Every structure is written in structure tokens, then in C-alpha cells.
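Comments concern the structure below.
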Amino acid sequence: MENHIKRAPFFRGLFYFGGAVSVFDEAARSWDQKPERVETAKLVGSEIVSSVPISREWNVLDFGTGTGLLTLYLEPFVKEIYALDNSRGMVEVLREKLENLKVKKVIPVLGSFETVNFNRRFDLVVSSMSIHHVKEVEKLFKWFSSVLKKGGYLAVADLEKEDGTFHRDNSEVYHFGFEREEIFNYMESAGIKPVEYKIVKKFLRNNREYPLFLAVGVKI
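For the sequence shown, my numbering begins at 1 and goes up steadily by one.
Spelled out as C-alpha cells, the structure:
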């Protein structure tokens with residue numbers, strides 16, 4: 001396991017690449033208590049499994065894993081998952097869940113895409129409800145491409161463009177959703193060919209709907 005991440009110190013059972021205290025650290029302990037979050041992760045996971053030729057030989061990266069809801073859904077389908085998040089609180093909760101569930105195929109990694117340094121490439125990179133928290137999304141997609149094998153898949157779920165009312169608190173929210181063309185442009189500029197885009201769920205809040213999309217691409 002250590003051979004797959006360069007110069008990564010351990011912090012209580014997880015790889016550590018730095019990270020500041022955030023609103024997510026404060027929310028981590030109660031994160032899974034909202035049924036909608038758990039249900040959404042299962043739904044996104046199910047849609048990913050049906051959209052890519054997933055294999056038990058695959059090595060996977062979950063970007064913005066949080067407490068690992070999506071990671072733990074995908075874990076039985078693959079060989080190994082690296083679960084990356086820059087919130088110490090979130091990754092600590094995930095680490096505890098892995099210990100309690102005795103899951104061995106998930107490696108928690110604390111850090112950001114700008115600090116982590118993987119010494120391997122992945123068959124699949126997934127991310128759910130995370131990229132709107134990243135300032136430089138174009139840079140992120142190029143990083144996704146850099147850690148994917150040729151022919152590897154990227155599966156990203158996030159909100160379609162909205163007016164900023166989805167979150168009660170927009171702290172650390174840098175984008176109010178995305179247009180389909182915007183996501184496809186990010187993929188194409190990073191050498192990833194878009195192959196699928198679909199609405200997988202509509203959140204009901206504030207007397208309106210907020211569609212959640214899943215976009216899938218393959219590195220060329």
C-alpha cells in the first residue's frame with residue numbers, strides 16, 4: 001500500500017497530505033445522520049455501476065469522499081479504493097467506519113488534489129457532490145486525467161446549474177452547479193472523452209427541484 005503514494009506520512013491510520021480545518025470537519029460526526037445523503041450516495045453508486053464496465057480488478061479513486069458513503073457502496077465491486085478528502089474530520093469518521101466494518105480494500109487519504117502524489121494510475125475516478133467545492137475545476141479535471149489510466153473512466157455527479165439557493169450556507173461553495181456543456185468542455189480539455197450524461201435525481205428544496213447529474217467520460 002505504501003508504494004502507491006509518494007512520501008505520505010501516516011496520521012492515525014490514514015495517509016496525510018495536510019489540510020485546514022473546515023466546515024466539513026465540524027459537520028463530519030453528524031454527516032451520515034441525514035437519510036437523503038445516504039440514499040443519494042447509494043443511487044449515484046448504482047448509476048456508476050450501470051454506466052461503466054466495473055471490475056473486481058479495478059483500482060478506484062474517490063475524490064471528495066467525505067465519510068465514504070459512495071466509497072463503501074462501490075467497495076464490493078472493485079479491487080481497491082483510495083478515498084481522498086481534505087477534511088480531517090470526514091476522513092477520521094471514514095477511518096473509524098472502516099475499522100468497525102473490518103473493510104480492508106479502502107485506503108483513506110487526507111489531502112487535496114494539489115498536495116497528494118499518487119505513484120499509480122486508476123481504472124476509475126469517481127466524485128459525488130464535491131466539485132462545486134473546488135475553485136479551479138478545469139485544473140481539477142486535468143488532474144483527474146493525470147491519475148487515470150488510458151481507457152480509464154471518470155464518473156462525476158454534481159448539481160446542474162442553480163441560483164445559489166441549494167445550500168443553506170454557501171461557505172466553501174465556489175460554483176452553483178454546472179451546465180452539461182461546461183462539464184463536457186472540462187473533460188475534453190483534459191483529454192477525457194464524454195460518453196454519458198444523465199439526471200439521476202432531483203432534490204426537492206425551497207419548493208423547487210435541483211437536478212443531480214452523472215457525467216461519465218473515458219480517458220483517450
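Note that the Cβ used here is the ideal one computed from N, Cα and C, for glycine as well. These numbers were taken from a predicted model, which means no experiment stands behind them.
Alpha-carbon spacing of residue i relative to residue j, whole angstroms
i: Gly66; j: Asp85; result: 6 angstroms
i: Val44; j: Thr71; result: 11 angstroms
i: Pro176; j: Pro76; result: According to the sequence provided, residue 176 is Phe. The question's Pro does not apply to it. If you take the alpha carbons of Phe176 and Pro76, they lie about 33 angstroms apart.
i: Ala215; j: Arg88; result: 28 angstroms
i: Gly217; j: Val93; result: 30 angstroms
i: Lys219; j: Glu136; result: 20 angstroms
i: Lys79; j: Ser46; result: 17 angstroms
i: Ser51; j: Asn207; result: 31 angstroms
i: Leu110; j: Val134; result: 16 angstroms
i: Ile54; j: Glu114; result: 27 angstroms
i: Val91; j: Val60; result: 17 angstroms
i: Leu74; j: Tyr153; result: 14 angstroms
i: Ile221; j: Lys97; result: This structure gives no information on residue 221, because the portion of the chain shown stretches from 1 to 220.
i: Ser130; j: Leu204; result: 19 angstroms
i: Arg7; j: Asn119; result: For Arg7, the predicted structure reports a pLDDT of 38, less than 50, and the residue's modelled location is therefore unreliable. A value from the coordinates is still provided. If you take the alpha carbons of Arg7 and Asn119, they lie about 10 angstroms apart.
i: Lys34; j: Lys42; result: 13 angstroms
i: Pro9; j: Arg56; result: Because Pro9 sits at a pLDDT of 40, beneath the cut-off of 50, its placement in the model cannot be relied upon, and the point is left open.
i: Arg95; j: Arg180; result: 34 angstroms
Member of the options whose CA lies at the smallest distance from the CA of residue i
i: Val106; options: Val116, His133, Leu69, Ala155; result: Leu69
i: Pro194; options: Glu47, Val156, Asp163; result: Val156
i: Tyr174; options: Asp158, Phe184, Phe203; result: Asp158
i: Phe178; options: Lys79, Tyr73, Pro108, Glu138; result: Glu138
i: Phe63; options: Ser171, Ile183, Ser127; result: Ser127
i: Ser112; options: Arg56, Arg95, Tyr82; result: Tyr82
i: Asn117; options: Ser130, Met129, Ser146, Leu212; result: Ser146
i: Ile48; options: Lys202, Glu182, Ser130, Glu196; result: Glu196
i: Lys198; options: Arg205, Leu212, Lys149; result: Leu212
i: Lys201; options: Glu57, Asn119, Glu96, Glu160; result: Glu160
i: Glu209; options: Trp58, Arg56, Asp163; result: Asp163
i: Trp58; options: His132, Leu148, Arg95; result: Leu148
i: Glu172; options: Asn185, His132, Lys150, Arg56; result: His132
Residue i: first and last residue of the uninterrupted alpha helix (DSSP H) it sits in
i: Lys139; result: 137-147
i: Arg168; result: Segment: none, Arg168 is in no alpha helix (DSSP H) and carries neither H nor E.
i: Glu181; result: 180-189
Cβ-heavy atom distance, residue i to the ligand SAM, below 7 angstroms
i: Phe113; result: As presented, the structure is devoid of all ligands, the ligand SAM included, so that no description of it is given.
Start-to-end residues for the beta strand (DSSP E) that takes in residue i
i: Val200; result: 192-205
i: Gly217; result: 208-219
Query raised in the report: Contact between the region 139-151 and the region 92-107: three or more CB pairs below 8 angstroms?
Result: Too few Cβ pairs lie closer than 8 angstroms, so no.
Query - Runs of alpha helix (DSSP H) wholly within the region 48-131 (minimum 4 residues, chain order) - result: The region 48-131 contains these whole alpha helix (DSSP H) runs: 69-74, 88-101.
Report task. Take every Cβ of the region 177-190, pair it with every Cβ of the region 31-46, and state whether three or more of those distances are shorter than 8 angstroms. Result -> With the cut-off at 8 angstroms, the region 177-190 and the region 31-46 do not touch.
Requested in this report: Would you check if there are 3 or more beta carbon pairs closer than 8 angstroms linking the region 167-176 to the region 108-123?
Outcome: Contact between the region 167-176 and the region 108-123 is absent: fewer than three C-beta pairs spanning the two stretches fall below 8 angstroms.
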